[in-house]
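So the protein lines, in turn, are chains D and Y. For the first sequence, this note's numbering gives the first residue as 937, with consecutive numbering after it. For the second sequence, this note's numbering gives the first residue as 937, with consecutive numbering after it. Reading through the structure tokens given below for one structure.
There are 2 protein chains.
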Amino acid sequence: MSICGVLDKDEIEEFVKILTRQTCTAHDPIIDEGEPADFVFNVTGGAVKLFKLLPDGRRQITGFLFEGDFLGIAMNDTYSYSAEAVGDAHMCRFNRRKFEALLDRFPKLERRLLGMASNELAQAQDQMLLLGRKTAREKLCTFLLSLSRRSEKRGYDPSVISVPMSRNDIGDYLGLTTETVSRTFTNLKKDGVIRLLEGNRVKINDAEQLQDLAEGA
Amino acid sequence: MSICGVLDKDEIEEFVKILTRQTCTAHDPIIDEGEPADFVFNVTGGAVKLFKLLPDGRRQITGFLFEGDFLGIAMNDTYSYSAEAVGDAHMCRFNRRKFEALLDRFPKLERRLLGMASNELAQAQDQMLLLGRKTAREKLCTFLLSLSRRSEKRGYDPSVISVPMSRNDIGDYLGLTTETVSRTFTNLKKDGVIRLLEGNRVKINDAEQLQDLAEGA
DNA sequence: CGGATATTTGACGAATCTCAATAGGCGTGG
DNA sequence: CCACGCCTATTGAGATTCGTCAAATATCCG
């Protein structure tokens, strides 16, 4: 587990004692915005989406979590967003009270959480730039690039990425409609930037070109 | 200073020792994206805007800071955004290394920073929802409402808010153009939702209506 | 194979942007 | 104190990107 990288064996033991393993299937609600934030989670497999809703049903996905990602760093009294699994997802669940008690005992963990929150904040700012100022094409290229970088960081081939989420989810993440996402995929394909493979995978033909397209350069 | 609310007199002394006071005028760069993050700041007066740029000059303002707000919670090696004063702004500057050294001595401060980061993260998610899914009118209402709430929290009349930033800044914060911001102000005025007063102030006629408009209800 | 769901494609419309002109504010200096 | 000039805000007209609605196609899974 990524948050535990700074802990030694005995310390990890303490966490294992208080965790519950759980599996969620697609559309399975994990947490609901506004509910008391009684648990924090660590994703151990699959993908999870975080989102907020407007009263009329419009949805903004604020992030996708993958193996190793932590859900609930921002610990206010209530959850500020909802979460559900993209496909099937596996997670460790911690009672928040017990989790915080352990935090007190391992101050280096607190420092680490602050670091993770910093990263999330930086990511959130990138996403604001994307949502507020990028075109549909730039948005999709940015998205594919971030998936590619994530793949690379986990030791996979960055030029062939798995895109497990639906067009609709991608749209709700990028501030676009399903149709625009689909059309933009088609355009990128036509322009030779990417190739669509079976199994929801995408081949990136020229990462540098993708990078330029992502920034409107 | 807001971050120091958890400290006692002697502890605050330690911070005062390492701070430098500085004043910035409009468009004065405070920090630049990509530069080494050698300093952290606390705003003591005026307003500051945080923003990111695309290569062609498109700009996204990711947040406004006011008195008491802290700049640099997200402490990576380099700044992930730029900052400049809106009008004139006053700030305390801390050497980051020394600041972090003090953090080690006051663990409750670290907990507090994590709390502040959590709040910022929640705010960032709200802003993503706004940027990705709200209409121009909803965006502006949300913005005015947040200024009103901020005013209220500081003990001012929430129905008359000061809007010190330019239409252009508001546009870059809401993902709109100057013209659309201006037009939307005009519409809200025409519909009796707000009234424009001199001195860049805005009178909110019906806060509840504004709330509804902000969420598309 | 068949039904359900997701994706793609097309035609059209609307919100917002762009470009351009006008009006308003504010400070400076005569 | 007024006039000028600069900068920002407002308003207008037309263009464009993206959204909406609808239909066709593809994919998944039992």
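All residues carry an ideal CB built from backbone N, CA and C; glycine is no exception.
Close-in-space but distant-in-sequence residues of the same chain around residue i (CB under 6 angstroms, 5 per side omitted)
i	result
residue 1022/Y	983, 985, 1100 and 1101
residue 1152/Y	1074
residue 1071/D	none
residue 1117/Y	1103, 1106 and 1107
residue 959/D	1026
residue 1111/Y	1067
residue 1114/Y	1103, 1104 and 1107
residue 969/D	1015, 1017 and 1018
residue 1087/D	1094 and 1097
residue 1083/Y	1097
8 angstroms Cβ shell around residue i - same chain, five flanking residues per side excluded
i	result
residue 1013/Y	972 and 973
residue 1032/Y	973, 974, 975, 976, 1008 and 1011
residue 1034/Y	954
residue 1129/Y	1077, 1140, 1141, 1142, 1145, 1146 and 1149
residue 1059/D	999
Residue i: contacting residues in chain D (beta-carbon distance under 8 angstroms)
i	result
residue 1007/Y	Within 8 angstroms Cβ-Cβ: nothing; residue 1007/Y doesn't reach chain D, min ~12 angstroms.
residue 1145/Y	Here the premise fails: no neighbours, minimum Cβ distance about 15 angstroms.
residue 992/Y	1152 and 1153
With 16 other Cβ atoms within 10 Å as the buried cut-off, status of residue i
i	result
residue 978/Y	buried
residue 1092/Y	exposed
residue 953/Y	exposed
residue 988/D	buried
residue 999/D	buried
residue 961/Y	exposed
residue 1005/D	buried
residue 957/D	exposed
residue 1069/Y	buried
residue 1120/D	buried
residue 1078/Y	buried
Residues that residue i contacts on chain Y, provided the C-beta gap is smaller than 9 angstroms
i	result
residue 988/D	1061, 1062, 1064, 1065 and 1069
residue 978/D	Near residue 978/D there are no residues of chain Y at all, since even the closest Cβ is about 17 angstroms away, more than 9 angstroms.
residue 956/D	Neighbours of residue 956/D on chain Y: none; closest Cβ ~23 angstroms, over 9 angstroms.
Chain-ordered chain Y contacts of residue i [CB-CB under 7 angstroms]
i	result
residue 1001/D	Residues of chain Y passing the Cβ test: none, with the nearest at roughly 14 angstroms.
residue 998/D	1061 and 1064
7 angstroms CB neighbourhood of residue i in its chain, flanking five on each side removed
i	result
residue 967/D	1015, 1018 and 1019
residue 1038/Y	950 and 951
residue 1098/D	1136 and 1137
residue 981/D	1003, 1025 and 1026
residue 1125/D	1131 and 1132
residue 955/D	1028, 1029 and 1030
residue 1009/D	1049, 1052, 1053 and 1056
residue 963/Y	1020
residue 1122/Y	none
residue 1081/D	1146, 1147 and 1150
residue 992/Y	none
residue 997/D	985, 986, 987, 1105, 1108 and 1109
residue 1064/D	none
residue 1046/Y	1039
Review point. Curious, which full-length beta strand (DSSP E) runs of at least 3 residues does the stretch 1006–1080 of chain D contain?
Key: 1018–1021 and 1025–1031
**Study point:** Inside the stretch 966–1002 of chain Y only - beta strand (DSSP E) runs reaching at least 3 residues
**Key:** 975–981, 984–989 and 995–1001
Between the stretch 1105–1120 of chain D and chain Y, which residues of the former have CB atoms less than 9 angstroms from a CB of the latter, in chain order?
1108, 1109, 1110, 1111 and 1112
Contact list for the stretch 1042–1058 of chain Y against chain D, Cβ threshold 9 angstroms
1043, 1046, 1047, 1049, 1050, 1051, 1053, 1054, 1055, 1056, 1057 and 1058
Practice prompt. Can you give me, in chain order, the residues of the stretch 1011–1034 of chain Y that have a beta carbon less than 9 angstroms from any beta carbon in chain D?
Written response: 1011, 1012, 1016 and 1017
task: Give, in chain order, every residue of the stretch 1071–1093 of chain D whose Cβ lies closer than 9 angstroms to some Cβ of chain Y.
output: 1074
Quiz item: What are the start and end residues of each continuous beta strand (DSSP E) run of 3 or more residues lying completely inside the stretch 1088–1133 of chain Y, in chain order?
Solution: 1096–1098 and 1130–1133
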